[in-house]
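A.B. asks:
There are 2 protein chains.
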Amino acid sequence: MTVLNQSVEGFRSISPAEFFYRNRQMAGFGNPTQSVYSAVRELVENSLDACEDAQRIPQIRIAIDNQSSDILSIKVADNGSGLPYQHVPEAFGRVLYGSKYDQKQKRGTFGLGVTMAVLYGQITTDSSVVVHTQNSSGPGRVYSLLIDVEENMPIIESEREQVRSDDGTTVTIKLRGDLKRARERVVEYIRLTTIASPHAVIELDFGGSEMIKVGGWSKRVPEVPIPSKPHPRSADLEILRRLITKSPSKKLHDFLVDSFQQVGSRTASRFLKFLGLDSSARIESLSRADISRLSTSLQRFDGFGRPDSRCLSPVGEEAFLLSVRSLFSPSWILYSKQKPSEWQGNPFFAEGVIALGSKFPNVDTPTLYRFTNKVPLLYDANDDVMTKIMRRLNWKRYGFSGPLPVALFMHFGSTKVPYRAAGKQSLAHMIEIETAVTGLIRTLGRALRKQAGRRDQSRRDARKMREFSEMFNIIAKYGPALAEAEPPSSTAHMVKTLFEVNTDV
Amino acid sequence: MTVLNQSVEGFRSISPAEFFYRNRQMAGFGNPTQSVYSAVRELVENSLDACEDAQRIPQIRIAIDNQSSDILSIKVADNGSGLPYQHVPEAFGRVLYGSKYDQKQKRGTFGLGVTMAVLYGQITTDSSVVVHTQNSSGPGRVYSLLIDVEENMPIIESEREQVRSDDGTTVTIKLRGDLKRARERVVEYIRLTTIASPHAVIELDFGGSEMIKVGGWSKRVPEVPIPSKPHPRSADLEILRRLITKSPSKKLHDFLVDSFQQVGSRTASRFLKFLGLDSSARIESLSRADISRLSTSLQRFDGFGRPDSRCLSPVGEEAFLLSVRSLFSPSWILYSKQKPSEWQGNPFFAEGVIALGSKFPNVDTPTLYRFTNKVPLLYDANDDVMTKIMRRLNWKRYGFSGPLPVALFMHFGSTKVPYRAAGKQSLAHMIEIETAVTGLIRTLGRALRKQAGRRDQSRRDARKMREFSEMFNIIAKYGPALAEAEPPSSTAHMVKTLFEVNTDV
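First to last, the sequence lines map onto chains F and X.
First residue of the first sequence? That's 72 in our numbering, and the numbers climb one at a time after it.
First residue of the second sequence? That's 72 in our numbering, and the numbers climb one at a time after it.
(1) Please list, in chain order, all residues of the same chain as F/Ile404 whose beta carbon is under 7 angstroms from its beta carbon, the five residues on each side excluded.
(2) Straight-line CA distance for X/Gln130 to X/Val272?
(3) Quick one: is F/Asn444 buried, meaning 16 or more other Cβ sit within 10 Å of its Cβ, or exposed?
(4) Taking the alpha-carbon of F/Phe420 as reference, which of F/Arg381, F/Ser340, F/Phe471 has the nearest alpha-carbon?
(5) Considering only the alpha carbon of each residue, which of F/Leu439, F/Arg463, F/Ala478 lies closest to F/Pro401?
(6) Which residues in chain X sit within 8 angstroms of F/Val359, going by Cβ to Cβ distance?
(7) Does any CB atom of chain X fall closer than 9 angstroms to the CB of F/Ala253?
(8) Going by Cα to Cα distance, which pick from F/Arg127, F/Leu498, F/Glu221, F/Arg353 is closest to F/Gly239?
(9) Excluding sequence positions up to five away, which residues of its chain have a Cβ less than 6 angstroms from the Cβ of X/Ile85?
(10) Between X/Ile261, X/Gly151, X/Arg513, X/Arg441, which has its C-alpha nearest X/Gly484's C-alpha?
(11) Let me know the secondary structure DSSP gives X/Met457 once reduced to three states.
(12) Using 9 angstroms as the threshold, is the C-beta distance between X/Ser366 and X/Arg247 below it?
(13) As a quick exercise: from X/Ile315, X/Asn117, X/Arg112, pick the residue whose alpha carbon is nearest that of X/Glu355.
(14) Kindly indicate which three-state DSSP category X/Trp466 falls into: helix, strand or coil?
(15) For X/Ser351, is the classification buried or exposed, using 16 other Cβ atoms within 10 angstroms of its Cβ as the cut-off for buried?
(16) Rounded to the nearest angstrom, what separates F/Asp463 and X/Pro411 at their Cα positions?
(17) Identify the continuous beta strand (DSSP E) that holds X/Val213 and give its terminal residues.
(18) Which same chain residues end up closer than 6 angstroms to X/Phe372 when comparing Cβ atoms and leaving out the 5 residues on each side of it in sequence?
(19) Mapping the DSSP letters down to three states, classify X/Tyr440 as helix, strand or coil.
(20) Just reading off the beta strand (DSSP E) that F/Pro551 is part of, what are its end residues?
(21) At the level of alpha carbons, what is the spacing between X/Ser363 and X/Arg312?
(22) If you follow the alpha helix (DSSP H) that X/Val285 is part of, which residue opens it and which one closes it?
(23) Whose C-alpha, out of F/Met461, F/Thr486, F/Asp197, is nearest the C-alpha of F/Glu505?
(24) Could you confirm whether any beta carbon from chain X is found closer than 9 angstroms to the beta carbon of F/Val79?
(25) Is X/Val572 helix, strand or coil by DSSP?
(26) Can you tell me which of F/Glu222, F/Leu449, F/Pro155, F/Ile142 puts its alpha carbon nearest to the alpha carbon of F/Val202?
(27) On the premise that X/Glu113 lies in contact with X/Val185, defined as a C-beta separation below 8 angstroms, what is that separation, rounded to the nearest angstrom?
(28) Counting pairs of Cβ atoms below 8 angstroms between the region 170-177 of chain F and the region 485-492 of chain F, do you hit three or more?
(29) So what does DSSP say about X/Arg359, is it helix, strand or coil?
(30) Determine the DSSP secondary structure at F/Asn206, reduced to helix, strand or coil.
(31) Whole angstroms are fine: how far does the CA of F/Met224 sit from the CA of F/Ile218?
(32) Could one say the Cβ of F/Gln96 lies closer than 9 angstroms to chain X's Cβ atoms, at least one of them?
(33) If you measure between the beta carbons of F/Ser268 and F/Leu498, is that distance less than 9 angstroms?
(34) As a quick exercise: from F/Tyr214, F/Arg353, F/Ala552, F/Arg526, pick the residue whose alpha carbon is nearest that of F/Gly428.
(35) Taking the beta strand (DSSP E) that F/Ala162 belongs to, which residues open and close that run?
(36) Please state the DSSP three-state secondary structure of X/Ala134.
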């Protein structure tokens, strides 16, 4: 093993900041186009999460200025809860540092994205990030920060007090970017963001040359999801060992009830029987083999309920329909949702909207819009499990006799989203997710088929009506003449009455 | 920003081991099928690198045993150089620890893969990895190791001396896996590995039930690539700052010559003129703004030569043709190579083979086999830049008038491969790489068109010859009769002679 050959350069450890600096394309910062989009996305995600926690209608202002041919300044301001001051330097200057590691659905997850934007700015323009934040604890502060990549630690250039008119955070990053090519992506990202967060109002200002304001479709602030205990199905050996360390002396029965969701006293007893252990067994007496068996059994026992979905936050039927209608004015639209389920013990849901309208491309399969935890995904669609399932289906069976202007909006939400890469652009293949997404797309597909059938039926009916109407006019003209009677003044009403029975089929 | 909200669970840092434990799908360990493949791949990669450094013909033995329905033992033994003993625990028990961070082409890069296999084994089967290694320094040692995920440090369960018959390393990992579904992938991986490493001999033993031996197509051990200095185009601010720290007091001119490849004294002087600085400028007197301008200019100056390709290791025409011929017996085959180039200053090459033969699927576009740094890529093909370029081309223009049994073997090699994710399955989009790969595929495509034209031509010629031959026979029969002469005993030779002129066109 060379990694491992002593004749070569010595062995050493690199920091996670160094790893992602070297492999920044994995985190969405591979080229000057995607980097603009990624920086905006990471900042907006954080702003939306902050407003959600503060239970406010997000008012987010984005300003992107071209400072020279390829140097941009990106500024994102929000009215969120502001940051606890002591954590600002590490939150922006340290990779894998954050507060989002608890078990509930949120947009950000890794404690990686914003720091990557800062790092990319630093290595391409030699600029520090400027963070102006104010929380309820007192007057705001402004930080100017860089990153020590090798050590994965922030470097504080300056720090001072400065009052803001309101609580919230404003972040300014200078970076090398290709705004001309990124512009369309950024606009699309902002627009689609308001599909999944219909209450958010987002302003996007391109250096005064163009100003876009979007969102505010709904006035309702969504409920904050509640962090949950882990589901027993998620208890791999690592999780189990950590839980045991937290409460080392306890009856196994009580340990199960206290540590996991969906485990009441009765379920715990039934599970212990399944495991073949006594209800009085204590965790400190478990051998390593017992713990291993416990983990396997927790993952296999089928007596645990579906996971608690209060840690999840779907868009919901009303809001989802409202936002798609607001942005795309479809002529027909339908929402559906799968029951919450779990993948490797992580609760998730899949919800979606199918819509027909002239603003969608008129093609042979639906145009797919992907969302995870209320964030639209714009890159790496081809290997995404949602795309694969969509393409696998035979859309001729779902009403596509020819091209149709149909769009499919798929939203996957979970306490843990299995992204294929740190750039969070694409959903990995997990069997439970595949099942749910397939079920959802089929349901939406069947509704489309019905609707397409109705469209076809009403077109056929309209044609029949026209033909019948013509003949009926002839009969109405010559019939009375033959019978030497008065012709009716108009046949239109009679034809319509006759046909209205059928057009509703 | 919530990541950042003080009302939520406190802020904290997680180790890179914790990050990849939580997001193991990013590193190829998302499900029990891919995990088997990934574990085998990571171990084999390391073995091949170790043999390459030792300049030996790799003899790699893989044994995969089903220990119960879903628990597997994977054992990979090589005849490489063995490991320096003091580094064994961290090499297997610490994420982002390795010796492959220098500037030359090699299979492994991240110091991540093998540790992920160990980690996956540990959390699914509670087993430690067993490493038996022996290097030239003395008798071998056996280590039994686990990982402290939260701390990202190895736990040494046991360590003892045990002599091996030869230098090399044997690694045994127990993990939960779906061998039934992974089997085909593993076999394909091993076979394709010998395409890019034709001198390697790999044995694959499925618990005695099936034994596959493949490779050894060539007896030539490839030259070891030579680590190179960075190319000036790669000098972003981070790299530049590090280089300056290493030699803080120097004339800028000498600093450039010493730190970078392709910068001789004359080039350095010309560059300094381009930069607008005096040749006598010293690096300790450079302001931060100067350094920033230096970085930008290094990336833009077009007077630096193409990167040194001695740090690269292509398969090469002879070996590439040999291995494809050995595995697929094509009826026609052609090799091509683009000149080495660089992406963001990282040297790379693209080489490839196109082949026609009955062992390839008979379809409308070529079947694509992807390789990076001599490793075949089997997953996540759809978003790979090679696949995208291949699909973008109109293959009807390259001889595909109908389906053809054509395969395209594409090999991308670089000191730094821009993988889309830590699982190293797919190449990200970089403009310089796209240009080279497009050029290569087009070259191979044009050769195919010529060949397809020849095939069509010779088919047409064969048909003409048949028809002419029939008529000629009639003439040969009745002509002499009319002339009252003897008919020739056979016309076949005359026809062939007549047509041979044409079939060579």
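Don't be surprised by glycine CBs; every beta carbon is placed ideally from N, CA and C.
C.D. replies: On the basis of the coordinates in this document:
(1) Leu392, Val395, Arg396, Val424, Ala426
(2) 5 angstroms
(3) buried
(4) F/Arg381
(5) F/Ala478
(6) Looking at the sequence provided, one finds Arg at residue 359 of chain F rather than Val. Identification of chain X residues near F/Arg359 by a Cβ-Cβ cut-off of 8 angstroms yields Asp197, ordered along the chain.
(7) no
(8) F/Arg127
(9) none
(10) X/Arg441
(11) helix
(12) no
(13) X/Ile315
(14) Helix, per DSSP.
(15) exposed
(16) For the sequence presented, residue 463 of chain F should be read as Arg rather than Asp. Each residue's Cα considered, the two are about 39 angstroms apart.
(17) 212-219
(18) Phe342, Phe345
(19) Here X/Tyr440 sits in strand by DSSP.
(20) It is not in any beta strand (DSSP E) - F/Pro551 instead sits in the alpha helix (DSSP H) that spans 502-553.
(21) Using only the alpha carbons, I get a separation of about 10 angstroms.
(22) Per DSSP, X/Val285 belongs to no alpha helix (DSSP H); it is in the beta strand (DSSP E), 281-286.
(23) F/Met461
(24) Any reading at F/Val79 needs caution, since the residue's pLDDT is 42, under 50, leaving its predicted position unreliable; the model's value is listed next. So yes, F/Val79 belongs to the interface.
(25) Only weak support exists for where X/Val572 lies, its pLDDT of 42 falling under 50; the coordinates are left without a value.
(26) F/Pro155
(27) 5 angstroms
(28) yes
(29) helix
(30) Coil, per DSSP.
(31) 6 angstroms
(32) Yes, its Cβ sits closer than 9 angstroms to a Cβ of chain X.
(33) no
(34) The shortest Cα separation from F/Gly428 among F/Tyr214, F/Arg353, F/Ala552, F/Arg526 belongs to F/Arg526.
(35) Segment 159-164 is the alpha helix (DSSP H) holding F/Ala162; no beta strand (DSSP E) there.
(36) Of the three classes helix, strand and coil, the one that applies to X/Ala134 here is strand, per DSSP.
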